[in-house]
Each structure stands twice: as C-alpha cells, then as structure tokens.
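**Student:** Residue numbers (the numbering used here): 9 to 241. Got a structure here, written out as structure tokens. Questions coming.
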C-alpha cells in the first residue's frame, strides 16, 4: 500500500483553522516556528476577517496547517507518506514535507505570493515570474518524497527545479485535479490522507472514486487518522 499526503489549497481555509490543529509536540513546534517566522505572529491569521480580506493570511494559514498536520503524523504518530501532492498553493506545504523547502523558506515564499496578489499591480503571469525568480535563490536539496504537480499532474522524483517551476506557475495556472489523481493512482497511491484544514479533497475523492480509502486529519483527528493509515498497511 502507498500513502499519499494531500495538502488543500485556497478555498479550504476556515475561521479558527490554526486553533484546531493536532494537539501534538510536532504541531506545537510548527506553530512556534511560525510565530518567529511571520511578522506580527500568527494568532490573528485565522480570524474570519483576516481570512476574508488578506491573501497573506490565507496563504500563510494554509501553509502552517498543512505542515503541522504532516509533521504531527510523521513525527508523533510514525506515519510516513510515499508521495505528496498539493492543490495549488498547497504545494508549498507539500514541498516542505518533501524537504525541498525549509518551513522558514516556505513561509517567506507563501507570504510573498500573497503580498503580490494583494497589491494587484501585476498580472498573475508576471507574479508567477516573480515567484520563479524568488525560488531560484533557494538552495536546491535532495528530494525525499515524490511530488505530484498541480499544474500538470507530473510525478516528480529528484527534480527540485520541476517542483519549484510548479510552485511558481501555480499562481497563474488552474489546478489540473484530474491529472493529479491520474498521476497518484498511476504511482500506486491507494490511501489518501488530507492534511488540515477541512475535508475538501476528501469529499471530492469520495465522490469521484467511490470506495477510495481516504481520511481527513481535521475531521477524524490525528490519532484516528494515524490508526486508519496503519491499519491499511
């Protein structure tokens, strides 16, 4: 059995999402790192007002939630994925989990993406170019997990440049969800674990692939999600 960690994107955010993260040591560490890495801290990022008005709040909150969920499963529960995939901006948390970005680097990149969108001074195509220029300055590291792109459904191994291209292009290109699902299935994924927040991707998979094994960390809780993954092995 192969486990795919799925990271939701814009549209999945919800009020209080950072206050419903798994209550584990790894998740607490992620929140503490985010406090240091985000100007002004993160306590007010997930208010209804902030999530409605601020692209930065949406981007950073989704990143924190995804990384916290993944680390809680991996470090506290011992559940290791075989591949990762992020829906649009969820790719940044996926890239952290594949160890291509540090959490600090991802915070910087997600904040920049949100700031550029908020300013609306450039087209999304030009913002994508700006993101590519920024990511070109990031150190290339060995990729520890395969990564499925949201802009083309490509299954990438040992291809940091390909992952960073996907992250940059995701600001201007639509998510090719069908291609992502095809790539994941083709790589042998038969259990999907959706990271916080919510269950948007869980619901889609259950509708589109009846009988698929899928679990939402936020909906089921970290312990039950981990037990589900271990039992499926």
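Using N, Cα and C, we set each Cβ at its ideal position, and we do this for glycine too. Being a predicted model, the structure only gives us computed values, none of them experimental.
Put residue 199 into one of helix, strand or coil per three-state DSSP.
**Tutor:** It is a strand residue.
**Student:** Could you name the residues of the same chain whose beta carbon sits closer than 6 Å to that of residue 202, not counting the 5 residues immediately before and after it, in chain order?
**Tutor:** Excluding sequence neighbours, residue 202 sits near 14, 209, 210, 224.
**Student:** For a test of the three-state rule: what should DSSP assign to residue 168, helix, strand or coil?
**Tutor:** Three-state result, residue 168: helix.
**Student:** Can you tell me where the beta strand (DSSP E) holding residue 94 begins and where it ends?
**Tutor:** Unbroken beta strand (DSSP E) run through residue 94: 91-94.
**Student:** Under the assumption that residue 149 contacts residue 168 (Cβ atoms under 8 Å), give the Cβ distance between them as a whole number of angstroms.
**Tutor:** Contact flag correct, Cβ pair sits at about 7 Å.
**Student:** Where does residue 144 sit, in a helix, a strand or coil, going by DSSP?
**Tutor:** If DSSP states are grouped into helix, strand and coil, residue 144 belongs with coil.
**Student:** In the DSSP assignment, the beta strand (DSSP E) including residue 12 goes from what residue to what residue?
**Tutor:** First-last of the beta strand (DSSP E) with residue 12: 10-15.
**Student:** Tell me the DSSP secondary structure of residue 224 in three-state form.
**Tutor:** Looking at residue 224 - three-state DSSP - the assignment turns out to be strand.
**Student:** Any idea what DSSP makes of residue 156, helix, strand or coil?
**Tutor:** If DSSP states are grouped into helix, strand and coil, residue 156 belongs with the strands.
**Student:** For the alpha helix (DSSP H) containing residue 75, name the first residue and the last one.
**Tutor:** From DSSP, the alpha helix (DSSP H) with residue 75 extends over 63-79.
**Student:** Quick test of the definition: if touching needs 3 or more C-beta pairs under 8 Å, does the segment 177-195 touch the segment 127-146?
**Tutor:** Short answer: they touch.
**Student:** Could you tell me which of 98, 113, 158, 156 sits nearest to residue 142, measuring between CA atoms?
**Tutor:** Nearest C-alpha to residue 142: 113.
**Student:** Can you tell me the Cα-Cα spacing of residue 161 and residue 100, whole angstroms?
**Tutor:** Cα to Cα, the separation comes out at about 16 Å.
**Student:** Check this for me: beta carbons of residue 50 and residue 75, under 8 Å apart or not?
**Tutor:** No.
**Student:** Just to confirm my understanding: we take residue 136, look at its own chain, exclude 5 residues before and 5 after, and list those with CB closer than 6 Å. What are they?
**Tutor:** Only 176, 177, 179, 180 meet the Cβ criterion.
**Student:** When we look at the beta-carbon of residue 159 and count the other beta-carbons within 10 Å, is it buried (16 or more) or exposed?
**Tutor:** Classification for residue 159: buried.
**Student:** Would residue 147 and residue 64 qualify as a contact pair, given that the criterion is a beta-carbon distance under 8 Å?
**Tutor:** The answer is no: Cβ separation not under 8 Å.
**Student:** Applying the criterion that 16 or more other CB atoms from any shown protein chain within 10 Å of the CB defines a buried residue, is residue 9 buried or exposed?
**Tutor:** Exposed: under 16 other Cβ atoms inside 10 Å.
**Student:** Excluding sequence positions up to five away, which residues of its chain have a Cβ less than 6 Å from the Cβ of residue 104?
**Tutor:** 75, 111, 114, listed in sequence order.
**Student:** State yes or no: is the C-beta of residue 163 within less than 8 Å of the C-beta of residue 195?
**Tutor:** Yes, Cβ-Cβ distance for residue 163 and residue 195 is below 8 Å.
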